[in-house]
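Peer 1:
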Amino acid sequence: MKELRLMKGNEALAEAAIRAGADAYFGYPITPQSEVIEYLMAQNTEERTGMVVLQAESEVAAINMVYGAAGCGKKAITTSSSPGISLKQEGLSYIAGAELPCVVANIVRGGPGLGTIQPSQSDYLQAVKGGGHGDYKLIVLAPATVQETVDYVKLAFDLAFKYRNPVMILSDGIIGQMMEKVELFEQIPRSDKVYDWATTGKEPGKDHVIITSLQLQPENQEKVNLRLQAKYKEVEKNEVLYESYNIDDAEYVFVAFGSCGRITQKAMELARKKGYKVGQIRPQTLYPFPVEILSKLADKVKGFLTVEMNAGQMVEDVRLAVNGKKPVEYYGRFGGMIPSPEEILDAFEQKFIGG
Amino acid sequence: MNEELIIAGFGGQGVLSMGQILCYGGVMQNKEVSWFPSYGPEMRGGTANCTAIISDEKISSPIINTFDTAIVLNQPSMDKFEDAVKPGGMLIYEVNGMTRKPKRDDINICKIAAYDESIKMKNTKIFNMIVIGGFLKVKPILDIENVIKGLEKVLPERYHHLIPLNEEAIHKGIEIISYENKLN
Amino acid sequence: MIMAENLKNPENLVYEKTKVLTDRVLHYCPGCGHGTAHRMLAEAIDDLGIQEETIGVAPVGCSVLAYYYFDVDMTEAAHGRAPAVATGIKRVMPEKYVFTYQGDGDLAAIGTAETIHACNRGENILIVFVNNGIYGMTGGQMAPTTLENMKSTTSPRGRDVKTMGAPLKITELIAQLPGTYYVARHSVHTPANARKTKRALKKALEYQKEEKGTCFIEVVSNCPSNWKMTPVESNKWMEENMFPFYPLGDIKVPQ
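The listed protein sequences derive, respectively, from chains A, B and C.
Per my numbering, the first sequence starts with residue 401, numbered consecutively.
Per my numbering, the second sequence starts with residue 174, numbered consecutively.
Per my numbering, the third sequence starts with residue 92, numbered consecutively.
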């Protein structure tokens, strides 16, 4: 039977990692996500499931520990918040280049620099465009609730191993810190599966396994890149997730993700009450992005408004999807400020209805 | 029913756990709930607050700027949140340590001397449960028994012997809260 | 008459390449110590019969391609991160033997934090540190271990310790940490020294089996190409200049 609990997003994420059968967590404290490692330590995971939990000396070390464990074919996860995620970009690039599976959660806070500890979505572009050096992508999941956080931890491991690619859960300080009702899935046993790509000790009579992202010949590096691109095409074909609200009769469509998606939903309801036919798309995967539905909607609606807790990042992807067919406007707050449903409605009226 | 609540006071007054207990009570009563704390440096020695939403319907936005009820336990919190109460809403304040009375006349105002009462009950730690009792008297959104069940979830097992005392505190709060301004 | 075929007969065989090294031709420069250091480590693994239980981590630097040469499962780490990667491996596969093989720039400059903290946690791994006082792969820049007044492409008038810092004796520093169990410094420039290195490496792997903590073996080595010397000159220069500052021998031995 599934269990119903009231949990903080960060603690629920940690609990979900244990239940997803994770083999290892490596992390470093940073607000607003330190509850993840605190919860894991309190749970005594070594005894509970045998999961390794280690506080690393830095985010850089943590992601490299993930790289080592992932290279052994183990389910490894790390979490951090924006400044720490910047430090992890080197490791993420290596993991993507070596085609290893892992899960990384970013409980985003406002930036740039040390910024603020308050919630933000200003790491959108970093997350969906790769983030580190080289041509690669992370699969990016954007939960809007504590429940989705839990569900996406499991999904993230599944996708990471399906595509042998790092998966990022792009959350924020709201979802990390808030408590909500959550239904937990049952414990998935840790796996002892041995993968032929993993460093688990050379098998007699077989070639030794090498995990590397280095190619000295450009011809070979191009082959690696082509293989990665083919993989991303598959991801784009198979893994798009989004929620739509009131789009059947919509004349305008709001596009917002994560916690901002919830706030925008309230704005949409207020707009409906005022008689505007507004619908909403909430992308749940940010990469792959729900291009097709937005492109279809562009043929029938009058315009789009993206609402983001950043200076306008996802709006670029919405504009690419809409491809000039209809106006795409942006409204947002940033630096840790959170837009209210009322101000979103105001912005919509100003931009589309006329003040 | 949709109750949007802020609870604010000094760190150490049990502000965050009050919100959690009410939310867990909501879970026990099959309500939708969300709880969101102030976090970071302002937690350390300064003021603390949390918002709690308890609703019959799915909660779309966990972040709110105006409230059906504000429970304020110190003067800075009253100064900050009095104006954020929706017209016709409710302000509950703890009298101890306040230097002024609330100014608004378009909202319900209740006062409670929970701190003095907790001293009389020889345990200042149950201060916040007295306030919860007062809140539930004037805003009966949850059954007391469900709130107690919620408390069992929030309180570590080693403190479960204190549950009867906490229940007593809730009833004391129900008894001592009083209206200072009551709208019709 | 001695024929080539006769030479290959088993009874004539006195020495053969360890099976823990692959048949790939090494890319190292002539006279470089890496080849011998690789061989000593590979022989130690071979002698202990743990080829199939060993996982190695290669660095960034001249030995970046070490994964081609060691016939064990290998991972290539980002610059300086090998001890963190090894930590990740060892923590999820504690029954395996895990080693890193790193140069001075990798271990003692960009990877200082990872090195010190892996050693301080007493990660049950072997760290092999090859110190030739220069960045070889990138073409002879100053390393953290470059000697005072030693010339490099980024200290063309010699290392000025006032502005560039003094050479870092990281091995002595590492030996201070409670997490390290066995710390020693050797070289591979003569057969006798190479044998000592191998003995140390073997001991370190045995300690790993006994879960004693981090073992750290430095190999002071040469860089004929970037020191701009012949191999013979470079070994002589190493003896005269490197060894006085980086003396060979045990630094921390089990009590």
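All C-beta atoms, glycine included, are put in the ideal place defined by N, C-alpha and C.
What you are looking at is a predicted structure, and each value in this text was computed from that prediction instead of being measured.
#1: Cβ closer than 9 angstroms: which chain B residues qualify as neighbours of Gln665/A?
#2: Should the region 260-279 of chain B be called in touch with the region 735-746 of chain A, which here means at least 3 C-beta pairs below 8 angstroms?
#3: Along chain B, in chain order, which residues have C-beta atoms closer than 8 angstroms to that of Glu459/A?
#4: Can you tell me which of the three DSSP states Lys674/A falls into?
#5: Where Leu268/C and Arg276/C are concerned, what is the direct C-alpha to C-alpha distance, given to the nearest angstrom?
#6: Taking Gly468/A as the reference, which of Val105/C, Pro174/C, Ser154/C, Asn240/C has the closest Cα?
#7: Which residue from Asp241/B, Ser211/B, Ser207/B puts its Cα closest to that of Phe183/B?
#8: What beta strand (DSSP E) runs, 3 residues minimum, are completely inside the region 697-755 of chain A?
#9: Which chain A residues are close to Ser207/B, counting only those with a beta carbon under 8 angstroms from its beta carbon?
#10: I'd like to know if the region 341-356 of chain B and the region 240-255 of chain B are in contact, where contact means that at least 3 CB-CB pairs between them fall below 8 angstroms.
#11: What is the DSSP secondary structure of Lys110/C, counted as helix, strand or coil?
#12: Just to make sure I have the definition right: I need the residues of chain B whose C-beta is within less than 7 angstroms of the C-beta of Ser740/A. Which are they?
#13: Can the beta-carbon of Glu167/C be found less than 9 angstroms from the beta-carbon of Ser613/A?
#14: Assign Asp197/C to one of three DSSP states: helix, strand, or coil.
#15: Are the C-beta atoms of Tyr212/B and some chain A residue less than 9 angstroms apart?
#16: Between the Cα of Ile610/A and the Cα atoms of Tyr273/C, Ala157/C, Thr109/C, Pro101/C, which residue gives the shortest distance?
#17: Leaving aside the five residues before and after Val274/C along the sequence, list all residues of the same chain whose C-beta is less than 7 angstroms from its C-beta, in chain order.
#18: Whose Cβ in chain A lies nearer than 7 angstroms to the Cβ of Tyr158/C?
#19: By Cβ distance, which residues of its chain are closer than 7 angstroms to Tyr226/C, with the 5 residues on each side in sequence left out?
#20: Assuming Gln621/A is part of the alpha helix (DSSP H), what are its boundary residues?
#21: By Cβ distance, which residues of its chain are closer than 7 angstroms to Arg405/A, with the 5 residues on each side in sequence left out?
#22: With 9 angstroms set as the bound, which would you pick, yes or no: does the beta-carbon of Leu628/A sit closer than that to a beta-carbon of chain C?
#23: Helix, strand or coil: how does DSSP classify Cys123/C here?
#24: If you count every other CB in all the chains shown that lies within 10 Å of the CB of Gly187/B, and 16 or more means buried, which is it?
#25: Using the C-alpha atoms, what's the distance from Pro618/A back to Ile698/A?
#26: Taking only beta carbons into account, state which residues of the region 179-199 of chain B come closer than 7 angstroms to chain A, listed in chain order.
#27: Tell me whether the region 180-189 of chain C and the region 627-645 of chain A touch, counting them as touching only if at least three CB pairs, one residue from each stretch, are closer than 8 angstroms.
#28: Taking the straight line between their C-alpha atoms, what separation do you get for Glu756/A and Val528/A?
#29: Which ranges would you report for the alpha helix (DSSP H) in the region 498-566 of chain A if only whole runs of at least 4 residues count?
#30: What do you get for Pro275/B, buried or exposed, if any count of 16 or more other CB atoms within 10 angstroms of its CB means buried?
#31: CA-CA distance, Asp607/A and Lys696/A?
#32: Find the nearest neighbour of Asn723/A within the set Ser486/A, Glu742/A, Ile588/A, Val691/A, judged by alpha-carbon distance.
#33: Give the secondary structure of Glu215/B by DSSP, where H, G and I count as helix, E and B as strand, and everything else as coil.
#34: Checking contacts by CB at 9 angstroms: is Lys326/B closer than that to chain A?
#35: May I have the straight-line CA-CA distance separating Lys287/C from Tyr632/A, to the nearest angstrom?
#36: With DSSP run on the structure shown, which of helix, strand or coil describes Cys472/A?
Peer 2: Considering the structure as presented:
#1: Here residue 665/A is taken as the residue at index 265 of the first sequence, counted from 1. Ordered by position in chain B, the residues that pass the 9 angstroms Cβ test against Gln665/A are Ser233, Ser234.
#2: no
#3: Counting from one through the first sequence, the residue named residue 459/A turns up at place 59. The premise fails here: Glu459/A is roughly 19 angstroms from chain B at the closest Cβ pair, so nothing lies under 8 angstroms.
#4: Taking the first sequence and counting its residues from 1, one reaches residue 674/A at position 274. Lys674/A falls in the coil class under three-state DSSP.
#5: Here the question's residue 268/C lines up with position 177 in the third sequence. Here the question's residue 276/C lines up with position 185 in the third sequence. Using only the alpha carbons, I get a separation of about 16 angstroms.
#6: If you number the first sequence from 1, residue 468/A lands on position 68. Residue Pro174/C is the option with its Cα nearest to Gly468/A.
#7: By 1-based counting over the second sequence, the position of residue 183/B is 10. That would be Ser211/B, whose Cα lies nearest to the Cα of Phe183/B.
#8: Runs of the beta strand (DSSP E) inside the region 697-755 of chain A: 703-708, 728-732.
#9: Along the second sequence, read from residue 1 onward, the residue named residue 207/B stands at position 34. Neighbours of Ser207/B on chain A, chain order: Met578, Met579, Glu580.
#10: Per the Cβ contact rule, the region 341-356 of chain B is not in contact with the region 240-255 of chain B (fewer than 3 Cβ pairs under 8 angstroms).
#11: Numbered from 1 along the third sequence, position 19 holds the residue referred to as residue 110/C. Note: Lys110/C maps to coil in three-state DSSP.
#12: The residue labelled residue 740/A in the question sits at position 340 within the first sequence. Those within 7 angstroms of Ser740/A in chain B are Asn238.
#13: By one-based count along the third sequence, residue 167/C stands at place 76. By one-based count along the first sequence, residue 613/A stands at place 213. Taking 9 angstroms as the Cβ cut-off, Glu167/C and Ser613/A qualify as a contacting pair.
#14: Your numbering for residue 197/C matches position 106 in the third sequence. Note: Asp197/C maps to helix in three-state DSSP.
#15: One-based indexing of the second sequence puts residue 212/B at position 39. Yes, its Cβ sits closer than 9 angstroms to a Cβ of chain A.
#16: As a working note, residue 610/A is residue 210 in the first sequence. Of the listed residues, the one whose Cα sits closest to Ile610/A is Ala157/C.
#17: Locating residue 274/C in the third sequence gives position 183, counting from the first residue. The answer, listed in chain order, is Thr262, Ile265, Ala266, Phe307, Ile342, Lys343.
#18: Here residue 158/C corresponds to residue number 67 of the third sequence, with the count starting at 1. Ile610, Thr612, listed in chain order.
#19: The residue labelled residue 226/C in the question sits at position 135 within the third sequence. Cβ within range, chain order: Gly196, Gln232, Ala234.
#20: Position 221 of the first sequence, counted from the start, is the residue given in the question as residue 621/A. Going by DSSP, Gln621/A is part of the alpha helix (DSSP H) stretching over 618-638.
#21: Position 5 of the first sequence, counting from 1, holds the residue named residue 405/A. For Arg405/A, where only same-chain residues beyond five positions count, the Cβ hits under 7 angstroms are Val582, Leu584.
#22: Here residue 628/A corresponds to residue number 228 of the first sequence, with the count starting at 1. No - not a single Cβ of chain C is within 9 angstroms of the one on Leu628/A.
#23: As a working note, residue 123/C is residue 32 in the third sequence. Correct three-state label for Cys123/C: coil.
#24: The count along the second sequence starts at 1 and reaches residue 187/B at position 14. So Gly187/B counts as buried.
#25: Taking the first residue of the first sequence as 1, we reach residue 698/A at position 298. Taking the first residue of the first sequence as 1, we reach residue 618/A at position 218. The amino acid occupying residue 698/A in the given sequence is Ala; Ile does not appear at that position. Roughly 41 angstroms separates the two Cα atoms.
#26: Gln193, Cys196, Tyr197
#27: The region 180-189 of chain C, when compared against the region 627-645 of chain A, does not touch it at the 8 angstroms Cβ threshold.
#28: Residue numbering for chain A in the displayed model covers 401 to 755; residue 756/A lies beyond these limits and cannot be assessed.
#29: You should have 524-528, 546-563.
#30: To locate residue 275/B, count along the second sequence from 1; it is residue 102. Buried, by the Cβ-count rule.
#31: As a working mapping, residue 607/A is identified with position 207 in the first sequence. As a working mapping, residue 696/A is identified with position 296 in the first sequence. Each residue's alpha carbon lies about 50 angstroms from the other.
#32: On the first sequence, residue 723/A is found 323 positions in, with the first residue counted as 1. Residue Val691/A is the option with its Cα nearest to Asn723/A.
#33: Working through the second sequence from its first residue, we reach residue 215/B at position 42. With a pLDDT of 49 at Glu215/B, under the threshold of 50, the modelled position of that residue is not reliable, and no figure is offered here.
#34: Position 153 of the second sequence, counting from 1, holds the residue named residue 326/B. Taking Cβ atoms only, chain A reaches closer than 9 angstroms to Lys326/B, which makes this a yes.
#35: On the third sequence, residue 287/C is found 196 positions in, with the first residue counted as 1. On the first sequence, residue 632/A is found 232 positions in, with the first residue counted as 1. Near 51 angstroms, if we compare the C-alpha coordinates of Tyr632/A and Lys287/C.
#36: Position 72 of the first sequence, counted from the start, is the residue given in the question as residue 472/A. Coil, per DSSP.
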